[in-house]
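Numbered per this note's numbering, the sequence shown spans residues 447 to 621.
So the structure is just underneath, and the comments pick up after that.
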Amino acid sequence: MNSNTEKNESGEFSEFQVNLNLLRDIDFFSGLPLDALKVFAYLCTQEVFMPGQYLFHQNDDDGSAYYVISGTTTLCYAEETGEAEVRDYREETFFGSLSILTNMHRLFSLKAKTEVRCMVISRQKFQKAIGQFPGLMPRIIKTIANRITRWEKQFILDHAGNWPDCRDHIGISLI
């Protein structure tokens, strides 16, 4: 039996195997070699957040990335008048790729709307693993650049009829 099909005594896949399979499907990690993915899978943990519990808070530098395995989260933005709910995210959403690369404060808060199970990796663990595979950084940077470009292309398509309102807000791919 290979590591891709190993199950525990109760017939379920181990947390390591679940993490490995999830990492293969996350754009940020999917192009990385199997040896590196195995290290990341080992370093990831799974955490459960109850409704109303925050995964991270606006202005915090929690240094973690989250992949929503199950449940629904709500992205929130604190304003002077209170907290505004921006939008919901469901399963198969990955947050925090920039947070595991460098120190950065969150622009939003993310809270569990329902019970949420996430796969989590900290900046410290991510950077420790990258130290074992220094050749990965160019691939990761390319993945992030491609993601930014795809996002901006989609933004342009979504707002094509509203150029006067949004033209001052495009150009992120120029950074």
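For glycine and all other residues, C-beta sits at the position ideal for the given N, C-alpha and C.
Note that the structure is a prediction, hence the values are computed from the model and not measured.
For my contact list, F502 and V532 are in at a C-beta cut-off of 8 Å; report their separation, rounded to the angstrom. What you label residue 502 is simply residue 56 of the sequence shown in a count that begins at 1. What you label residue 532 is simply residue 86 of the sequence shown in a count that begins at 1. Actually they are not in contact, since the Cβ atoms of F502 and V532 sit about 14 Å apart, beyond 8 Å.
Cβ neighbour criterion (16 or more within 10 Å) applied to I567: In the sequence shown, counting from the first residue as 1, residue 567 sits at position 121. Label assigned to I567: buried.
What are the start and end residues of the beta strand (DSSP E) that includes A524? Locating residue 524 in the sequence shown gives position 78, where the first residue counts as 1. Looking at the DSSP string, the run of the beta strand (DSSP E) that includes A524 is T519 to E525.
Within 8 Å, strictly: CB atoms of F540 and Y500: Counting from one through the sequence shown, the residue named residue 540 turns up at place 94. Counting from one through the sequence shown, the residue named residue 500 turns up at place 54. Not a contact, by the Cβ cut-off of 8 Å.
Contact belief for G442 with E461 at Cβ below 8 Å, rounded distance in angstroms: Residue numbering for the chain in the displayed model covers 447 to 621; residue 442 lies beyond these limits and cannot be assessed.
For my contact list, K557 and G498 are in at a C-beta cut-off of 8 Å; report their separation, rounded to the angstrom. By one-based count along the sequence shown, residue 557 stands at place 111. By one-based count along the sequence shown, residue 498 stands at place 52. Yes, they are in contact, since the Cβ atoms of K557 and G498 sit about 6 Å apart, within 8 Å.
Close beta carbons around G542, own chain, < 7 Å, minus the five adjacent residues each side: Numbered from 1 along the sequence shown, position 96 holds the residue referred to as residue 542. So the list reads S510, A511 and Y512, once near-sequence residues are dropped.
Let's see if you can read the secondary structure: which residues bound the alpha helix (DSSP H) around E598? Counting from 1 along the sequence shown, the entry for residue 598 is found at position 152. Start and end: M583 to D604.
Through-space distance from M496 to I587, alpha-carbon basis: As a first step, residue 587 must be located in the sequence shown, where it is residue number 141. As a first step, residue 496 must be located in the sequence shown, where it is residue number 50. If I take the Cα positions, the gap works out to 33 Å.
Starting from the Cα of P580, find the closest Cα among A591, G528 and L478 and give me that residue. The residue given as residue 580 occupies position 134 in the sequence shown. Among A591, G528 and L478, the Cα nearest to that of P580 belongs to L478.
Got a sec? Which residues, its chain only, sit under 7 Å from H551 by beta carbon, not counting five neighbours each side? As a working note, residue 551 is residue 105 in the sequence shown. Taken in chain order, the residues that qualify are N505, D506 and D507.
So, are the CB atoms of V485 and Q573 less than 8 Å apart? Position 39 of the sequence shown, counted from the start, is the residue given in the question as residue 485. Position 127 of the sequence shown, counted from the start, is the residue given in the question as residue 573. Going by C-beta atoms, V485 is not nearer than 8 Å to Q573.
Along the alpha helix (DSSP H) that carries Q504, what are the first and last residues, could you check? By one-based count along the sequence shown, residue 504 stands at place 58. Unbroken run through Q504: none, as it is neither H nor E.
List the residues that DSSP assigns as beta-bridge partners of I567. For the purposes of this step, residue 567 is taken as the residue at position 121 of the sequence shown. According to DSSP, I567 bridges with A511.
Mapping the DSSP letters down to three states, classify E461 as helix, strand or coil. Residue mapping note: residue 461 aligns to position 15 of the sequence shown, counting from 1. Correct three-state label for E461: helix.
So, using beta-carbon positions, are L468 and L483 closer together than 8 Å? Taking the first residue of the sequence shown as position 1, residue 468 is located at position 22. Taking the first residue of the sequence shown as position 1, residue 483 is located at position 37. Not a contact, by the Cβ cut-off of 8 Å.
Whose C-beta lies closer than 8 Å to the C-beta of M583 among residues of the same chain, with five residues either side of it excluded? Looking up residue 583 in the sequence shown gives position 137. Counting only Cβ-Cβ distances below 8 Å, and skipping sequence neighbours, we find I576.
So is A524 buried or exposed if we call it buried at 16+ other beta carbons inside 10 Å? Looking up residue 524 in the sequence shown gives position 78. Exposed.
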